[in-house]
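In my numbering, the protein residues as written are 205 to 334.
From the three backbone atoms N, C-alpha and C, an ideal C-beta is built for every residue, glycine too.
Bear in mind the structure is a predicted one, so any value in this text is a computation, not a measurement.
Remarks on the structure that follows.
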């Protein structure tokens, strides 16, 4: 069984613009992994079934031909192109995503990453490109 490993005390909090946001009650230093999440693998042939549903905005590209739902807090980190403070690494062998800080993240600051969507993705989802 895969375990969700949160290396820091993470919590959810409502934000004004984005619904739920993920925060950490402790400072995370640049380069530190703060969560390792298992995934639910979704073959590419099933993607059309999720198009236009709430699931569509929570899935991650997973090695070109596939996509995945990232468990734990993984699919809940909000987007910011300008204020992103984390990124992730994919481990194909263990089928996990490990999220790490790309800069120091002060305590009680929202954890954000850049979704790297194309301009069309933002428009399709009626989502502000911030």
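For residue i, the three-state DSSP class (helix, strand or coil)
i, result
"residue 252", "helix"
"residue 242", "strand"
"residue 275", "coil"
"residue 247", "strand"
"residue 266", "strand"
Residue j beta carbon less than 9 Å from that of residue i
i, j, result
"residue 211", "residue 236", "yes"
"residue 311", "residue 290", "no"
"residue 316", "residue 283", "yes"
Bridge partners - residue i, DSSP secondary structure assignment
i, result
"residue 295", "300"
"residue 226", "216"
"residue 283", "317"
"residue 221", "None, per the DSSP bridge assignment."
Kindly confirm or deny that the segment 266-278 and the segment 288-304 touch, where touching means at least three C-beta pairs closer than 8 Å. yes
Count the C-beta pairs between the segment 226-245 and the segment 262-276 that are closer than 8 Å, then say yes if the count reaches three, no if not. Yes: the two stretches touch, three or more of their Cβ pairs being nearer than 8 Å.
Counting Cβ pairs, one atom from each stretch, are 3 or more of them under 8 Å apart for the segment 250-257 and the segment 216-228? no
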